[in-house]
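Asks: Let me give you the structure first, and then I'll get to my questions.
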């Protein structure tokens, strides 16, 4: 029987107790290697646990650093809490500092001390014996924290400042040949999705840099550059010089000339709220991209879509040399999960499998979970929002002449989401 009742008075079957169940609260971070995939998941107590699934899926997943919570709070939001090293080891951060672990059953070795949380570390890259990362210093109470890039020698544990002076830093990435370091930086009052610049320097053997140069600078030009990365000797990054975030390849040997890899009037990716996220990934012959909430890949100058029924949100994209894509995915009725997508066979549809999910689909499919509807309204430009209409098969309410929605005060709206945010809803 359907009951007529005003909006806001409906009783929901979606309760906090329901969300306390499942395998974990959420999948938070991900990195893939040729040997398999690492991810961080948040358990019911809030602890961030690091796992590894070998590429041979018949093998069981392995827990790394069981005594540690792999996380950080740089810029308060964190992200970029670990990096797999080419020798099979892992470097990761906790609130106590930075650790290096040579294997899943080895004891972690502390590389850097947080000194009672005065120092925070995240967004790692490596070259040789050095790890490069963002370092946030809270040594001066009452003052803004100091942000910089540092190197940490994995053998001697010596730290050296690589770059300083800007208000914020992100995405330090060492080139595969160990010759260069590229990074993103910006200053107040900009956010990382506003005016930023990309810098590059030569790497020295002692973990320092030389010959720093500005690759791209959006300061004063209302251009955003973010997410620089290397594919072999090629430098790639996102920029919005066309008013849409598109993916560009930059020639570091020829006056930093850029080429739009996939010109499209759609956003590739999303604002970089968190460290370590990746809206694209490349293995040299294939590029996978998150194009306005759809997974697409470019190979041999052609771009194809990857069908992902039920999944509409993708982050932390990775791709192996065998064209296996890994991503953290979710949807209106899909909990966050580690998705594995095989796009290696040209004559077949991509093969999709779930490596790990926060909760099974069967727990959600019968719930009254509203799916978003895109609506546009008059304002500067053509703003749009994703509206989640009321949904309850046991309740109804007569249509009103006007539909109104509220935007919270003092909240900057930078994107839409098709997911139910537990932190906001409960």
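Residue numbers (full-length UniProt numbering): 1 to 426.
Positions of the beta carbon are idealized from the N, C-alpha and C atoms, including for glycine.
(1) Less than 8 Å between C-beta atoms, sequence neighbours within five positions excluded: which residues of the same chain meet that for residue 188?
(2) Going by beta carbon distance, what residues of the same chain come within less than 7 Å of residue 145, once the five residues before and after it are set aside?
(3) Assuming the contact rule is C-beta atoms closer than 8 Å, residue 357 and residue 43 should be a hit. Round their C-beta distance to whole Å, please.
(4) Count the other CB atoms within 10 Å of the CB of residue 1; is the residue buried (16 or more) or exposed (fewer)?
(5) CB-CB under 7 Å to residue 277, same chain, minus the five flanking residues each way: which ones, in chain order?
(6) Indicate whether residue 330 and residue 312 have their beta-carbon atoms separated by less than 9 Å.
(7) Assuming the contact rule is C-beta atoms closer than 8 Å, residue 30 and residue 328 should be a hit. Round their C-beta distance to whole Å, please.
(8) May I have the straight-line CA-CA distance separating residue 285 from residue 302, to the nearest angstrom?
(9) Looking at C-beta atoms only, is the number of pairs between the segment 236-245 and the segment 45-64 that lie closer than 8 Å three or more?
(10) Take residue 366 as the anchor and find which of 58, 333, 203 and 190 has the nearest alpha-carbon.
(11) Rounded to a whole number of angstroms, what is the C-alpha to C-alpha distance between residue 265 and residue 244?
(12) Is it buried or exposed for residue 359, if we count other Cβ within 10 angstroms and need 16 for buried?
(13) Expressed to the nearest angstrom, what Euclidean distance is found between the alpha-carbon atoms of residue 18 and residue 310?
(14) Is it true that the segment 7-15 meets the segment 292-308, where meeting means three or more beta-carbon pairs spaced less than 8 Å apart?
(15) Just the Cα atoms here: how many angstroms apart are residue 134 and residue 225?
(16) Give a yes or no on whether the C-beta atoms belonging to residue 342 and residue 325 are separated by under 9 Å.
(17) Quick one: residues in its chain with C-beta nearer than 6 Å to the C-beta of residue 110, no 5 flanking neighbours on either side, listed in chain order?
(18) Counting only the same chain and skipping the five closest in sequence on each side, list residues whose C-beta sits under 8 Å from that of residue 220.
(19) So, is residue 398 buried or exposed, given that buried needs 16 or more other C-beta atoms within 10 angstroms?
(20) When the Cα atoms are used, what is the spatial distance from residue 374 to residue 72?
(21) Does the segment 249-269 come close enough to the segment 281-295 to have 3 or more Cβ pairs within less than 8 Å?
(22) DSSP three-state label for residue 11, please.
(23) So is residue 173 buried or exposed if we call it buried at 16+ other beta carbons inside 10 Å?
(24) Mapping DSSP to helix, strand and coil, what is residue 410?
(25) Which residues does DSSP pair with residue 100 in a beta bridge?
(26) Between 117, 58, 192 and 202, which lies nearest to residue 127 when the distance is taken from Cα to Cα?
(27) Determine the DSSP secondary structure at residue 339, reduced to helix, strand or coil.
(28) In or out: residue 412 buried (at least 16 other Cβ within 10 Å) or exposed?
(29) Start and end of the beta strand (DSSP E) containing residue 331?
(30) Please report the straight-line C-alpha distance between residue 154 and residue 204, rounded to a whole angstrom.
(31) Near residue 242, which residues of its chain fall below 7 Å by C-beta distance, leaving aside the five closest residues on each side in sequence?
(32) For residue 367, which of helix, strand or coil comes out of DSSP?
Replies: Working from what's here:
(1) Apart from the 5 residues on each side of it in sequence, residue 188 sits with its Cβ closer than 8 Å to the Cβ of 167 in its chain, given in chain order.
(2) So the qualifying residues of the chain are 136, 137 and 138.
(3) Rounded, the Cβ-Cβ distance is 14 Å, inconsistent with contact.
(4) It is exposed - the Cβ of residue 1 has fewer than 16 other Cβ atoms within 10 Å.
(5) The beta carbon of residue 277 sits closer than 7 Å to the beta carbons of 79, 315 and 316 from its chain, once the five residues preceding and following it are set aside; these are given in chain order.
(6) A contact, by the Cβ cut-off of 9 Å.
(7) Right, their Cβ atoms sit about 5 Å apart.
(8) So the alpha carbons of these two residues sit roughly 12 Å apart.
(9) By the Cβ test, the segment 236-245 is not in contact with the segment 45-64, since fewer than three Cβ pairs between them sit closer than 8 Å.
(10) If you compare the alpha carbons of 58, 333, 203 and 190 with that of residue 366, the shortest gap goes to 333.
(11) Going from the Cα of residue 265 to the Cα of residue 244 covers about 6 Å.
(12) Buried, because 16 or more other Cβ atoms sit within 10 Å of the Cβ of residue 359.
(13) For residue 18 and residue 310, the distance between alpha carbons rounds to 21 Å.
(14) Contact between the segment 7-15 and the segment 292-308 is absent: fewer than three C-beta pairs spanning the two stretches fall below 8 Å.
(15) The alpha-carbon atoms of residue 134 and residue 225 are separated by roughly 18 Å.
(16) Their beta carbons are under 9 Å apart, which means residue 342 touches residue 325 by this criterion.
(17) Once the five neighbours on either side are set aside, the close Cβ partners of residue 110 are 97 and 99.
(18) Setting aside the 5 residues that flank it on each side, residue 220 is surrounded in the same chain by 195, each with a C-beta closer than 8 Å to its C-beta; the list follows chain order.
(19) That one is exposed.
(20) Between residue 374 and residue 72, the alpha-carbon positions lie close to 34 Å from each other.
(21) Cβ pair count under 8 Å is three or more, so yes.
(22) If DSSP states are grouped into helix, strand and coil, residue 11 belongs with coil.
(23) Residue environment for residue 173: buried (at least 16 other C-beta atoms within 10 angstroms of its C-beta).
(24) Only weak support is given to the placement of residue 410: the predicted model assigns it a pLDDT of 48, under 50, and the question is left unresolved by the model.
(25) Per DSSP, the beta-bridge partners of residue 100 are 91 and 109.
(26) Out of 117, 58, 192 and 202, the CA that lies nearest to the CA of residue 127 is found in 202.
(27) Residue state, collapsed to three classes: strand.
(28) Residue placement at residue 412 cannot be trusted, given a pLDDT of 48 that sits under 50; the coordinates are not used to answer.
(29) Note, residue 331: beta strand (DSSP E), 324-331.
(30) Approximately 15 Å between the Cα atoms of the pair.
(31) Answer for residue 242: no residue qualifies.
(32) DSSP places residue 367 outside both helix and strand once states are collapsed to three, so it counts as coil.
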